[in-house]
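J.:
As C-alpha coordinates, then:
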(Lines of atoms letter the chains of each structure in order from A and count residues from 1; the text may use other names and numbers.)
(Lines give C-alpha, C1' and ligand atoms only; values in the text may rest on other atoms or scores of the structure.)
Protein backbone atom coordinates (compact mmCIF):
# COMPACT_ATOMS: atom_id res chain seq x y z
CA UNK A 1 0.00 0.00 0.00
CA UNK A 2 2.75 2.49 0.83
CA UNK A 3 4.21 2.40 -2.70
CA UNK A 4 0.88 3.65 -4.00
CA UNK A 5 1.40 7.10 -2.52
CA UNK A 6 4.11 9.57 -3.51
CA UNK A 7 5.89 11.23 -0.60
CA UNK A 8 7.62 14.40 -1.80
CA UNK A 9 9.74 14.56 1.35
CA UNK A 10 11.72 11.37 0.71
CA UNK A 11 15.09 11.67 -1.00
CA UNK A 12 13.73 10.04 -4.13
CA UNK A 13 10.65 12.26 -4.13
CA UNK A 14 12.72 15.39 -3.63
CA UNK A 15 15.09 14.44 -6.46
CA UNK A 16 12.14 13.81 -8.78
CA UNK A 17 10.67 17.17 -7.79
CA UNK A 18 13.94 18.99 -8.53
CA UNK A 19 14.28 17.20 -11.86
CA UNK A 20 10.74 18.10 -12.93
CA UNK A 21 11.27 21.71 -11.81
CA UNK A 22 14.43 22.01 -13.92
CA UNK A 23 12.60 20.55 -16.93
CA UNK A 24 9.72 22.97 -16.45
CA UNK A 25 12.05 25.96 -16.22
CA UNK A 26 13.91 24.89 -19.37
CA UNK A 27 10.67 24.56 -21.34
CA UNK A 28 9.39 27.87 -19.99
CA UNK A 29 12.64 29.61 -20.97
CA UNK A 30 12.42 28.26 -24.53
CA UNK A 31 8.77 29.34 -24.78
CA UNK A 32 9.47 32.82 -23.41
CA UNK A 33 12.40 33.32 -25.80
CA UNK A 34 10.37 32.16 -28.80
CA UNK A 35 7.47 34.42 -27.81
CA UNK A 36 9.73 37.46 -27.47
CA UNK A 37 11.38 36.81 -30.83
CA UNK A 38 8.00 36.37 -32.51
CA UNK A 39 6.66 39.53 -30.93
CA UNK A 40 9.71 41.50 -32.06
CA UNK A 41 9.42 40.18 -35.62
CA UNK A 42 5.72 41.08 -35.68
CA UNK A 43 6.39 44.63 -34.54
CA UNK A 44 9.12 45.08 -37.16
CA UNK A 45 6.84 43.76 -39.90
CA UNK A 46 4.06 46.10 -38.77
CA UNK A 47 6.39 49.09 -38.92
CA UNK A 48 7.49 48.12 -42.43
CA UNK A 49 3.86 47.79 -43.57
CA UNK A 50 3.08 51.21 -42.09
CA UNK A 51 5.96 52.83 -43.94
CA UNK A 52 4.85 51.20 -47.18
CA UNK A 53 1.28 52.42 -46.59
CA UNK A 54 2.52 56.00 -46.14
CA UNK A 55 4.69 55.71 -49.26
CA UNK A 56 1.72 54.42 -51.26
CA UNK A 57 -0.45 57.32 -50.07
CA UNK A 58 2.24 59.84 -51.00
CA UNK A 59 2.69 58.22 -54.41
CA UNK A 60 -1.07 58.39 -55.04
CA UNK A 61 -0.85 62.15 -54.33
CA UNK A 62 1.80 62.42 -57.06
CA UNK A 63 4.64 63.29 -54.69
CA UNK A 64 8.02 62.79 -56.37
CA UNK A 65 9.48 59.32 -55.79
CA UNK A 66 12.79 60.88 -54.75
CA UNK A 67 11.05 62.79 -51.95
CA UNK A 68 9.14 59.69 -50.84
CA UNK A 69 12.37 57.66 -50.80
CA UNK A 70 14.16 60.32 -48.78
CA UNK A 71 11.27 60.66 -46.33
CA UNK A 72 10.55 56.96 -45.78
CA UNK A 73 13.96 55.39 -46.24
CA UNK A 74 12.54 53.03 -48.86
CA UNK A 75 14.45 52.38 -52.06
CA UNK A 76 13.41 53.89 -55.37
CA UNK A 77 12.60 50.41 -56.71
CA UNK A 78 10.42 49.56 -53.72
CA UNK A 79 8.39 52.73 -54.12
CA UNK A 80 7.89 52.13 -57.85
CA UNK A 81 6.68 48.60 -57.04
CA UNK A 82 4.11 49.80 -54.47
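Residue numbers (my numbering): 21 to 102. Glycine is no exception: its CB is placed at the ideal position from the N, C-alpha and C atoms. Quick caveat, the model's predicted, so the values are computed rather than measured.
1. Measuring only the C-alpha atoms, how far is residue 74 from residue 44?
2. Are the Cβ atoms of residue 102 and residue 88 separated by less than 7 Å?
3. Counting pairs of Cβ atoms below 8 Å between the region 44 to 62 and the region 71 to 86, do you hit three or more?
4. Under a Cβ-count criterion, where at least 16 other Cβ atoms within 10 Å of its own Cβ denotes burial, should residue 41 be classed as buried or exposed?
5. Give me, in chain order, the residues of the same chain whose beta-carbon lies closer than 6 Å to that of residue 94; leave out the 5 immediate sequence neighbours on both sides.
6. For residue 92 versus residue 71, is the C-beta distance shorter than 7 Å?
7. At the level of alpha carbons, what is the spacing between residue 69 and residue 60?
8. DSSP three-state call for residue 78: helix, strand or coil?
T.: Let's see:
1. 45 Å
2. no
3. Contact between the region 44 to 62 and the region 71 to 86 is absent, with fewer than three C-beta pairs closer than 8 Å.
4. exposed
5. 75
6. yes
7. 14 Å
8. helix
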